[in-house]
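Number 1065 in the UniProt record's numbering belongs to position 1065 of the sequence shown; there are no gaps in the numbering. A virtual CB, placed ideally from N, CA and C, is assigned to each residue, including glycine.
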Amino acid sequence: MKKFRKVLDGLTTSSPGGTIGSPSCGSAAGTPTAAPTPKEIDVQETLVSENFQLCKTVRHGFPYQPTALAFDPVQKILAVGSRSGGIRILGRPGVDCYCQHESGAAVLQLQFLINEGALVTACADDTLHLWNLRQRRPAILHSLKFNRERITFCHLPFQSKWLYVGTERGNTHIVNIESFILSGYVIMWNKAIELSTKTHPGPVVHLSDSPKDEGKLLIGFESGTIVQWDLRGKKADFRIYYDEAIHSVSWHHEGKQFMCSHSDGSLTLWNLRNTTKPFQVTFPHGKIQKDGRKESCKPILKVEYKTSRSSEPFVIFSGGLSYDKAGRRPTLTIMHGKAITVLEMDYPIVEFMVLCETPYNNEVQEPYAVVVLLEKDLIVVDLTQSNFPVFENPYPMDIHESPVTCTAYFADCPPDIIPILYSIGAKHKKTGYSQKEWPISGGTWTLGSHTYPEIIITGHADGSIKFWDASAITLQMLYKLKTSKVFEKPKPGEGRAAELVEEDPFAVQMVSWCPQSRIFCVVGISAHIILYRFSKYDANTQIVSLEVRLQCESEDVISPSENENNPCFSDPGSHSPQPHHQHPASPSSGTPEGIKNSIPCLKVKDRVVRVPPGYQAELVIQLLWVDGEPPQQITSLDINSAYGLLAFGNCNGLAVVDYLQKTILLCMSTLDLYGPADPYQRLTRSPRRNRQSTSEFCMRGLSNFYSDSKKRIRTSYQSLTELSDNQQSIDMERSKSPTSESRENSFSRSRSSSVSSIDRDTKEAITTLQFGESYGRKSDALPTPCLWVGTSLGVVLLIPMSIPTDQEERMEEPVTIGPSGAVLMLKGSVLRFGFLDCMGVLIQSPYEVWRDLNASEDPDRPRRRKLVHFSPSSSQDACGDGHLAVVCSERQAKVFLMPSQSCLFVHNITESSFVLRADVVSVCNSVSLACFCANGHVMTLSLPSLRPLMDVNYLPLTDMRIARTFCFTNGGQALYLSSPTEIQRITYSQEMCDNLQEMLGELFTPIETPEAQNRGFLKGFFGGNAHTFDREELFGEAAAGKASRSLAQHIPGQAGVEGMKVAASGAVGELARARIALDERGQRLGELEERTALMMTSAETFSKHAHELMLKCKDKKWYQF
């Protein structure tokens, strides 16, 4: 615990030239003011660096760019591999684990060690990995890197420790799963095919052991060659040469027949009694044309042949449609007896897998479901019902249903909000799902003790909003809101909307939500704001529309002799905040003369509409086109339910709206807000002779703060996203233009760097806004409602307001806004405000307690507005009046004492980069400032002293998606969109890291392996005794020798040496167990322990090489050395 004592000297930092060297001084260029008698501030800071640790918690959503699929039929868990080297392992709801290969190589294939709690992955860099799933955070035990051959297919027989690996050269290698070392037994391609064959058979595309005899291995080559290899006799039993390329092979469970799928859309059935020709050839989707020929079909990429006791066999395959049916969607075909069912999919099929009752391949399979992995979805089809319904997916796989354009994260919400949102959202759920339970039901998960209500809100490109229950590291959708329903449908190519936004006029740019009052605000890309109120009842309502003209006039010329600049709007009225000057274009006011095109981008429904329970639109605010120029996108927003006010700004200026009276209180350019107190003394504004879009001038002031390299980051919004998402993310491109937070301004449209002086620049964007009880001027004795305004030039303005307190007066009397008060300065664009009392406790914004306006009113108890205020003076018995204001910009953070405006502390956060996101958050019963920088650093600073507590180089800014969606919340948590389809949640709290193991689900649960069915004496006798086959005898080092060392390299995994010794007894075993536990809890090992591990690995490597050298030299004579 550290105690800070500070004597306030009453110095101000409002001078633009002021630079603060250390926390002990107020301002280098400041001048003493008539401040109150110096007081002593005593803040006890409890946060220390040990309270912080950064780690990933859980990943939600659909795996981006999936490539592979596997299922453990005993444990009932599913694994999905992706192109970026990620693995998602899914079980029952709550069991959801994400792992990542360090190499980032695409996952080609996944193979579970069934009921063993392990998984083998084959990656595109020709490396095999063995993952241990018996811990909550899976780790790699072994890796095997192939040096000379490319891996194409893997097969691991049930209850076998020998993995068959097929390669591009056509060879088949065998790997011991326990030691992860290659066997000397190799099936070379030239031995597998006949010597007389002149052509290479191509890569191995299939490997499987015969259900009838495990000593027979079926090898399928791409060219159409199939070989059954006798592992004992080391020879081929039979060879099939077919003239169509093979994609997959599937056995009948009796081992007498197998089926192949081919590139011409055909299925061939082969009988082992006669392998000279196929027993049956079918073209399931190929019809006979008039000339007698079959129409050409697309390849059947995979087929599965499954038997059932109670019915005909199932033949399930993907692809195979005829080429002439253009525009047909990808299909999965289920052939059951004579019935053929074609299931059309929304996206291309990556892989599918039939789920069966038994893990044994020589028993009747009894298929009950089929898992279909699509490019952007995961569905499970119920095979037990004739209409093949799909199961309702319990995982949040539809985050990306429309591209995510913004996110918001709220921890510690009011406990009643989640049930009420769920009850409203449940009424709109789809029906027609299978009535059976979700079949992927493995693992165990319990609700941890460290849980509290959390909500994530996602805004989307189609204008939809989704509320998600994020409590206890799970994610379930609660409620969906469609903002587009407020507007008339725009006709294609019609009007200004088509010119401004071609595809997504309703895309959500940012959201603002007050969980206590349940008021919700949405900012859209078409320069519109929608205000929603929550109601449990449906209602007939007419939406009120306000139109605001927030556009700087290019013709305005200001004489240097003038002291004040003309206002932004056309009426050059007084700067005093009289209401009649603040209605540039309200619904009741007429259009000013000379402006013919003052129209909004979208048309609001002007009729009474029936709205269902939930969020109901009350007010729409739209910015207008001016002189043929579109309105600038809104860059900042704040709403306060206690005041009944809404403020928003863009690169032209600021507007304040009274949403209770539905009136515009203020609409003014940023420059006009200063009056004579402009710190940059901008007196002239040159007219633009050649008209340009005002977006060209947006944010030019940034050119003074950032070098060319950083401006390049800011202007490469599109190229960075293209680089990161490749061509797969075309749908994500549609969502680039929306920006999720006020700071996003930094990245938008600053194409020109020709302006070198702020004095020549008239564009200054409003980057952040916050209502709160504060002191507008130094002379104020009591706090009043204020609006804090932050701009892109690092200026902070305070605008005091007078709001009637009585409910009746509030609805009738106007709110008055005073001229700008304090002016504070920082380096870089202002991002965030936060308020503390003089004891260092966070001051919450005042709010109105929620009341349902549509509920029937009790005449005896009329409903009144119930307001909750957190006045800075309420807890200041010991310290007197005043409060601390925390201001964070792109470069630095400052803490000011109000009302004296003295700068108590300053911290330069970064010199070489800039802050993308900053928030004042509650952590460990205290408060800190959390920052995320463009260089990937996540930092926390103590408050109010701004001591650095944590600085972790976590995530380099590789694309704009991360910048647009990164957000902090209370409790030491944060999230961002790690891919177009996935949300990654992280924590920077040590306490959360410590409790993470308790919160995560268990992937492995001890389950008895089902016993094999008794095959009977006659079947076993005549069918061959498959169980006498001893692979160890054939593939072990004693029989097969060692494989060539240059062929593959064994790499011990992170958990390799230690994990294999956990079973050992004595002190060494105990040490290993303790170290594994520490690793799982995410704690760092001490230096001595790390050195010990290195020495141990080194000793084992030396021992291994010495043993190999001894074997090599054992039989040599002395003269051969």
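Would you call the segment 292 to 301 in contact with the segment 309 to 321, where contact means no fewer than 3 C-beta pairs closer than 8 Å? Because the criterion of three Cβ pairs below 8 Å is met, the segment 292 to 301 and the segment 309 to 321 touch.
Out of Leu378, Leu231 and Arg150, which one is the CA nearest neighbour of Trp162? Put simply, of Leu378, Leu231 and Arg150 the residue whose alpha carbon is nearest the alpha carbon of Trp162 is Leu231.
Between Thr458, Ile151 and Lys145, which has its C-alpha nearest Phe180's C-alpha? Per the Cα distances, Lys145.
Note down the Cα distance separating Ser939 from His528, rounded to an integer number of angstroms. Looking at the sequence shown, residue 939 is not Ser but Met. Between the C-alpha atoms of Met939 and His528 there is a straight-line separation of about 34 Å.
Bridge-paired residues (DSSP) for Ala507: Bridge partners of Ala507: none, in fact.
Within the continuous alpha helix (DSSP H) that includes Leu946, where are the two ends? Per DSSP, Leu946 belongs to no alpha helix (DSSP H) and is neither H nor E.
Hey, Cys601 and Ser526 are a contact pair by Cβ (cut 8 Å); roughly how many whole angstroms apart? Rounded, the Cβ-Cβ distance is 4 Å, consistent with contact.
With distance defined between alpha-carbon atoms, name the residue in Asp125, Ser1044 and Thr958 nearest to Ala105. Taking each of Asp125, Ser1044 and Thr958 in turn and checking the Cα distance to Ala105, the smallest one comes out for Asp125.
So, helix, strand or coil for His400, using DSSP? Note: His400 maps to coil in three-state DSSP.
Please report how far the alpha carbon of Arg273 lies from the alpha carbon of Thr167, in whole angstroms. Distance from the CA atom of Arg273 to the CA atom of Thr167, rounded to whole angstroms, is 29 Å.
On the three-state DSSP scale, how would you describe Pro367? Of the three classes helix, strand and coil, the one that applies to Pro367 here is strand, per DSSP.
Over the uninterrupted beta strand (DSSP E) stretch that includes Asn640, give me the two end residues. Run containing Asn640: Ser636 to Asn640, per the beta strand (DSSP E) assignment.
Per the contact definition of three or more C-beta pairs closer than 8 Å, is the segment 887 to 894 in contact with the segment 808 to 827? Three or more Cβ pairs drawn from the segment 808 to 827 and the segment 887 to 894 lie within less than 8 Å of each other, which places the two stretches in contact.
His1105 (DSSP reduced to helix, strand or coil): Correct three-state label for His1105: helix.
By Cβ distance below 8 Å, which residues in the same chain neighbour Ser308 in space, the five residues on each side in sequence not counted? The beta carbon of Ser308 is closer than 8 Å to those of Phe314, Val364, Gln365, Glu366 and Pro367 in its chain, skipping five residues each way along the sequence.
Taking the beta carbon of Gly1066 as the centre, do at least 16 other beta carbons fall within 10 Å, making it buried, or is it exposed? Because Gly1066 sits at a pLDDT of 37, beneath the cut-off of 50, its placement in the model cannot be relied upon, and the following sentence gives the value as read from the coordinates. Per the 10 Å Cβ criterion, exposed.
Limits of the beta strand (DSSP E) - the one that Asn908 falls within: Going by DSSP, Asn908 is part of the beta strand (DSSP E) stretching over Ser902 to Asn908.
Touch test, the segment 69 to 87 against the segment 424 to 434, Cβ-Cβ under 8 Å, three pairs minimum: Short answer: they don't touch.
Which one of His253, Lys482 and Ala245 has the shortest CA to CA distance from Gln1013? Here the closest residue by C-alpha is His253.
Under a three-way DSSP split, which group does Glu194 fall into? Correct three-state label for Glu194: coil.
Report the partner residues of Ser223 according to the DSSP bridge assignment. According to DSSP, Ser223 bridges with nothing at all.
To the nearest whole angstrom, what separates the beta carbons of Gln542 and Val620, a pair I think is in contact under 8 Å? With 8 Å as the limit, Gln542 and Val620 do not qualify as a contact, their Cβ atoms being about 11 Å apart.
Answer yes or no: do Ser774 and Leu798 have a C-beta to C-beta separation smaller than 8 Å? Yes, the Cβ-Cβ distance between Ser774 and Leu798 is below 8 Å.
Expressed to the nearest angstrom, what Euclidean distance is found between the alpha-carbon atoms of Thr721 and Thr958? For Thr721, the pLDDT reaches just 31, beneath the cut-off of 50, and the residue's location in the model is therefore unreliable, leaving the point undetermined.
Which runs of the beta strand (DSSP E), 3 residues or longer, sit entirely within the segment 915 to 988? Taking only runs of at least 3 residues, the beta strand (DSSP E) segments lying wholly in the segment 915 to 988 are 915 to 923, 926 to 933, 937 to 942, 948 to 953, 967 to 969 and 973 to 979.
If I measure Cβ to Cβ from Ile817 and keep anything under 7 Å in the same chain, skipping five residues before and after, which residues do I get? Answer for Ile817: Pro577, Val656, Leu665, Leu666, Ile799 and Met801, listed in chain order.
Hey, would you say Val886 sits closer than 8 Å to Gly834, going by beta carbons? Contact: yes.
Identify, in the order they occur along the chain, each residue of the same chain with its Cβ nearer than 8 Å to the Cβ of Arg148, setting aside the five sequence neighbours on each side. So the qualifying residues of the chain are Ser1046 and Leu1047.
Bridge-paired residues (DSSP) for Asp230: Answer is Lys216 and Lys235.
Got a sec, what are the start and stop residues for the beta strand (DSSP E) Asn176 sits in? That run of the beta strand (DSSP E) goes Thr172 to Asn176.
Spatial neighbours of Asn361 within its chain, please: CB distance less than 6 Å, with the 5 preceding and 5 following residues excluded, ordered by chain position. Its chain contains Pro211 as the residues whose beta carbon lies nearer than 6 Å to that of Asn361, once the 5 sequence neighbours on both sides are disregarded; these appear in chain order.
Please confirm whether Gly91 and Thr121 have their CB atoms less than 8 Å apart. Against a cut-off of 8 Å, the Cβ pair of Thr121 and Gly91 comes out as no contact.
Give the range of the alpha helix (DSSP H) segment to which Met801 is assigned. Careful: Met801 lies outside any alpha helix (DSSP H), inside the beta strand (DSSP E) at Val795 to Ser802.
Between Val921 and His937, which are expected to be in contact by the criterion C-beta below 8 Å, what is the C-beta distance as a whole number of angstroms? 17 Å between Cβ atoms; not a contact.
Comparing alpha-carbon positions, which option in Pro505, Thr444 and Pro396 lies nearest Ala470? Of the candidates Pro505, Thr444 and Pro396, the one whose C-alpha sits nearest the C-alpha of Ala470 is Pro396.
Pro956, buried or exposed, once every other Cβ within 10 Å from all chains shown has been counted against 16: Within a 10 Å sphere around the beta-carbon of Pro956 sit fewer than 16 other beta-carbons, which makes this residue exposed.
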